[in-house]
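As they're listed, the protein sequences go chains D and P. Going by the working numbering, the first residue of the first sequence is number 206, and it counts up by one from there. Going by the working numbering, the first residue of the second sequence is number 206, and it counts up by one from there. Here a beta-carbon is modelled for each residue, glycine too, at the ideal position from N, C-alpha and C. All remarks here apply to the structure that follows.
There are 2 protein chains.
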Amino acid sequence: MNAGVEMLKNYYRRIAKFSSAVSLLYWDMQTYIPKSGGPYRAETLAEISGYVFELSTSDELGALLESANPQDEVEEAIVRVGKREFDRFRKIPRKLFEEYVKASTLCEQAWQVAKTNNNFKLVEPYFKKVVELSREIAEKLGYEIDPYDALIDQFEPGMTAQKISRLFSELREFTLSILAEIEKASPAEDVLSGVEIDAERQKKFNEWLLDYLGFDRSKGRLDVSEHPFTTPVGLNDVRITTRYISDDLKNSIFSTIHEFGHALYSLSIPEEFYGLPIGSSASYGFDESQSRFWENIVGRSLAFWRGIHKNFIQLFPEFSSYDAHQLWRSVNIVKRSYIRTEADEITYNLHIILRFELEHALINRELDVKDIPLAWNEYFEKYLGLKVPSDRLGCLQDPHWYGGSFGYFPSYTLGNLYSAQIRASLSKELPLDQLVEEGKFEAIKSWLYEKIYSKGRIYEPEVLMEKISGEPPNIAHFQNYIKAKFEHAL
Amino acid sequence: MNAGVEMLKNYYRRIAKFSSAVSLLYWDMQTYIPKSGGPYRAETLAEISGYVFELSTSDELGALLESANPQDEVEEAIVRVGKREFDRFRKIPRKLFEEYVKASTLCEQAWQVAKTNNNFKLVEPYFKKVVELSREIAEKLGYEIDPYDALIDQFEPGMTAQKISRLFSELREFTLSILAEIEKASPAEDVLSGVEIDAERQKKFNEWLLDYLGFDRSKGRLDVSEHPFTTPVGLNDVRITTRYISDDLKNSIFSTIHEFGHALYSLSIPEEFYGLPIGSSASYGFDESQSRFWENIVGRSLAFWRGIHKNFIQLFPEFSSYDAHQLWRSVNIVKRSYIRTEADEITYNLHIILRFELEHALINRELDVKDIPLAWNEYFEKYLGLKVPSDRLGCLQDPHWYGGSFGYFPSYTLGNLYSAQIRASLSKELPLDQLVEEGKFEAIKSWLYEKIYSKGRIYEPEVLMEKISGEPPNIAHFQNYIKAKFEHAL
C-alpha cells in the first residue's frame, strides 16, 4: 500500500461525502421538497458547496497531491486528474465562487418566473450578473486563445472552441442536407402523440421498461421532476427522474431511457474509484454518449420496438392496431421544432449548434445579454427555418445558461457523435440489433463496461475514444449511422 | 444591532445548514433510499455529523460565546443555551464522539437483524460497545450523584434520575390502580381492528386528516417509513411519516396525528430563532407533549370522533354501522399488551417506567447487557402482568437503546404528563371540546403558539410549565384527565 496515495484518497473520500449531501439536497429540491422550503434550501446548497470548494482548494490537498508518489496507471491518473482540478479551482477566488453560486441560484429562480411570464426582461438583470461572473471566471482560469476554452474545458477536457467550430460546421452542413432529403419523402404518422394517457399508466410502463433494461432497483430509483435528470447521490445510489405529460407518451419513455443510460454509467464505475478524481464518467460528452446510446441507438431502433411491442400494446391497447414498424416510425419522426428536448436525432444538433454559437459570442463579449432574444430568433430562423413566436419557445426554454453553465451545451452533440462511434465499434464484435430485439442487454452492458465504464475518468475523452475505436472522435460514424437509419430505412 | 451577538448567530446559522443536510440524509435513509445505498449513507451521516460536532466545539464558537454581550432576554437565552451545549459537547473528545456514532450505527443495523431473527445474542456484542461508550460519555459529561443524570440532561434539562424515580413511582401506583378499576368493567368492542383496508385508502384518509387539522402543505409532507417519525429538514420544511398496516387502520391514523403534533411545534417556532440554540422545542418532553396533545387529548377525544364521523364513514363505509361513540370507544380500548407504540394512554406509561428502570440500571453498572432479556421479562410480568413470549415482543421492539439513546425514554411519559397539564390550562380559557368537535383548531393553535411554540427553547421545561400553568410539572393533571376520561366516561 502506498501511504501517500492512501492519504490522498482518504482526503478525496471525505470531500465526496459532503458532495453526496449536496447531491441529495439538489435531488430533493427537484422532487419532494415542500414549496416554502426552497429559499432555505438554496442557502444550504450554497453553504455546503462552498465548503466543498474550500476542501477542494486547500493547502492540505495541494500538499497531498505533491507528495503522493503514484506507482501505477490508476494512481497516476488519480494524481493527474486531481492536480488538474486542484489547479483549476485554485485559480478562482473563494469569494468569486460564492458570488457565482449565489448569482446563478437567484438567476435560475428568476428564469422560472421569466419563463412562466414569457418575458426575458424579468431575468435579464440577473443573467447579466451571471454572464459577467462567468467571464470573470474564464479570465481567472486562463486560456491560450479563446476565453470560452477555459469554460468548455471543465466539461470536455482537451476540447476547444476552435475544434468545436470546425466539427459543428461540418455537422451543420450534413444535417441540413440530410434534412432536405428527408423532407422530400412523405412523413410518418405520429400515432403516439395526442393520445391521453394518465400518469399512472405511463409510470407503470416506465417502471416496466427499467426492469426490462435491467436497472438495478437496489441501487437506484425513478421519481418525477419538471426537468428529467440523473443524480448519483452516493455509492450504489443513483436517482433518475422523468415527467409524465398526459398527451405525450413519448416524452416520459425517452426521458426514462435517456436517464437510465446516465445511471448505468454512474453505477458501473468501479467501486474502488468512488469519490476519487477518476470516479466519474470520462467527460460530460462521454456521459451523454451513454444516455444517447440507450435512448437513441437502442431505444429508437426498430429492433427495440420489435422486442417491446407485445408488452407495449398490452399496457396500451389503444395502440394495438399498430405494428412495431409503425410505432418505430412514430418515435423517429424528423420535424423542425422549437424545443430542444423534444427534437429528433437529426434536428437536435442544430439546436445545440445555435446555443454554442450564441454562448461563445456571449463569453467573448461579442454579444450583449440584452440582445439574446433577437440573436436567438435570427439564428433559429437561419438554422431551423422557423420563426420563433415567443421567448418561452426560444431563449427561455432551457435552464442551463441561467444556472450559470457555459460550455456545457456542446456536450450534448459530442455525446451524439461519440455514441455513434461507440455503436460502430460495438457492432463489429456483437450482433447489436439481434441482442436488442431479444432484450438481451447484458452482453451490451458487459462490452460497454469493459471499454468505457470500468475506466472511470482515467483517460481524457480523446484518448478513451482511441482505445475504444482505434481512432480519435470522428464525425463519419454519426453520418453513417444517420444515413443508414433515415435515408434508407425509414 | 449587537455586533457580537450577530456574529454568534451567523456562526450558528452556518452550523444549522450542515445539520439540515444531516436531517435530509436521515429522512431519505428512512424513506426513499435504494437498499444498497445504506452503508455509504451511514458513512456520510457519520462524516457530516462529525463536522457539525467539530463546529459545535470549536475555539471560535467558544470565543464568540464569551464576547457576545447579550442585551435582552432573547439574546441572553441564545448565549445561555449556547454555552450550556458548548460546555457539554466540549467535555466529549471528538474521538469518543465518532466512536459512539459509528458504534451506534452499526448496532442499530445489527438490531434490525436481531429483531428479524428474534435473537438478542445477535446484537449483544454491538450493544455492549454502545453501552460502554454511553457510560464513558456520561463520565466525561459529569454529574453530581448519578451517571444517568448526565444523559437525561441532554433531553430534559434540569431533570434527574431521582426526580423521575419519584414521579414514576407515583405514576405506577396510580396506573395500576386505575387499570384494575377499568378491567372490572366490560371491555369495548375493538371494531376498527382486523378489517383489511389497503394502503391507498388509508393514505387518502390520512392526507384528508392532515388537511382537516390544518397541516401547511407548503411547509411539510407526509411519507411512509417503517417507524413513523418527524424530521425538521430546514426552515419551513418539516417531513412526517406514517405506516400503513392493512388490518390496523388505527396505527396509521394515530401515527399521523402524533407526528402532526411534532411538526406543528417545529413549524411554529419563530423564524428568527431558526438555527439558533433557542430555535427548537423547549425539551424532548415538551416536544412529546405536543405530539401526545394532538394524538390523545384531541385525536382520542369523543369530540374529535364526533367531528370526523361523517367523513370517516364516507371513506370507510365498512364502519358505517358504528356511531361516533362506538368508534371513540374503539380507539380507547385499555389492554395490557407487549408493544409500547400500540399501547393505550394508561398502560403506555408502564412501558416507559420499565425502560427507565432498566436503562438507569444499565448506565449505573447495576445491570449487565447479557442479562437484559431476562430482566426485561421479569419487570414486564411485574408491571404489566404478562409473560413475554419472545425478545421481538420484548427487549428488541424499540430501536432507541441500540441507536445509543439513553435518557430519552422518560421524555415520552413526561410528554404525557405535560400534555395533560397544558390541557388543563388551555381548558380554562377555551372551550376545548367544542372547538375540537367543530374542527376549529385555529384557536387552539393560537393558544399553543402564544404559550409554547413562540418561546422556542428560551426557557427550561420547568420554567416554561410554570409560565403556562402557574405551577411546576404536576402529575395531578394527568391523573384528573385520565380519571375523567376512563373512570366516568368510557
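Anything in chain P within Cβ reach of residue i, meaning under 8 Å, just list it in chain order.
i, result
"D/ARG448", "Going along chain P, no residue has its Cβ under 8 Å from D/ARG448, so there is no contact; the nearest lies around 18 Å."
According to DSSP, which residues form a beta bridge with residue i?
i, result
"D/GLY644", "According to DSSP, which records beta bridges pairwise, D/GLY644 is partnered with nothing at all."
"D/ARG444", "D/ARG426, D/THR436"
"P/SER398", "P/ASP453"
In the DSSP assignment, the alpha helix (DSSP H) including residue i goes from what residue to what residue?
i, result
"P/LEU579", "577–589"
"D/ASN569", "No alpha helix (DSSP H) holds D/ASN569; DSSP gives it neither H nor E."
"P/CYS312", "299–321"
"D/SER494", "489–497"
"P/GLY209", "208–236"
"D/PHE691", "D/PHE691 -> no alpha helix (DSSP H), and no H or E assigned at all."
"P/SER525", "Note, P/SER525: premise wrong, no alpha helix (DSSP H); not H, not E."
"P/MET670", "666–674"
"P/PHE611", "Note, P/PHE611: premise wrong, no alpha helix (DSSP H); not H, not E."
"P/ILE544", "Note, P/ILE544: premise wrong, no alpha helix (DSSP H); not H, not E."
"P/VAL335", "329–346"
"D/ILE663", "It is not in any alpha helix (DSSP H) - D/ILE663 carries neither H nor E in the DSSP assignment."
"P/ASP292", "278–295"
"D/HIS682", "681–687"
"P/LEU507", "507–520"
"D/ASN411", "404–418"
Under 7 Å Cβ-Cβ, which residues of chain P neighbour residue i?
i, result
"D/LEU229", "LEU229, LEU230, ASP233"
"D/GLY347", "Residues of chain P passing the Cβ test: none, with the nearest at roughly 32 Å."
"D/ARG426", "TYR237, PRO239"
"D/GLY439", "GLY242, TYR245, ARG246, THR249"
Please determine whether the Cβ atom of residue i lies at a distance below 8 Å from any heavy atom of the ligand FMN.
i, result
"P/ASP277", "Of the ligands one can find in the structure shown there are none, so the ligand FMN has no counterpart to examine."
By the criterion of Cβ-Cβ separation under 9 Å, what are the contact partners of residue i in chain D?
i, result
"P/ASP442", "ILE238, PRO239, SER241, GLY242, GLY243, TYR245, ARG246"
Taking only beta-carbon positions, decide if residue i is within less than 9 Å of chain P.
i, result
"D/GLU477", "no"
"D/ALA226", "yes"
"D/THR249", "yes"
What in chain D is Cβ-close to residue i, meaning under 7 Å?
i, result
"P/VAL257", "Result: empty, since nearest Cβ-Cβ is about 11 Å, beyond 7 Å."
"P/GLU252", "ARG219, LYS222"
"P/GLY644", "Within 7 Å Cβ-Cβ: nothing; P/GLY644 doesn't reach chain D, min ~23 Å."
What first and last residue would you give for the beta strand (DSSP E) that runs through residue i?
i, result
"P/LEU622", "Careful: P/LEU622 lies outside any beta strand (DSSP E), inside the alpha helix (DSSP H) at 615–634."
Note down, in chain order, every chain P residue with its Cβ under 9 Å from the Cβ of residue i.
i, result
"D/SER423", "PRO239, LYS240, SER241, GLY242"
Please check the pair residue i and residue j, which I expect to be a contact at CB under 8 Å, by giving their CB distance rounded to whole angstroms.
i, j, result
"P/ILE402", "P/PHE521", "7 Å"
"P/LEU415", "P/THR461", "7 Å"
"D/SER624", "D/SER494", "4 Å"
"P/LEU301", "P/LEU338", "7 Å"
"P/GLY363", "P/GLU665", "5 Å"
"P/GLY480", "P/TYR256", "That pair is no contact at about 16 Å."
"P/ARG534", "P/ALA393", "4 Å"
"D/LEU567", "D/VAL284", "Contact doesn't hold; Cβ gap of about 35 Å is too wide."
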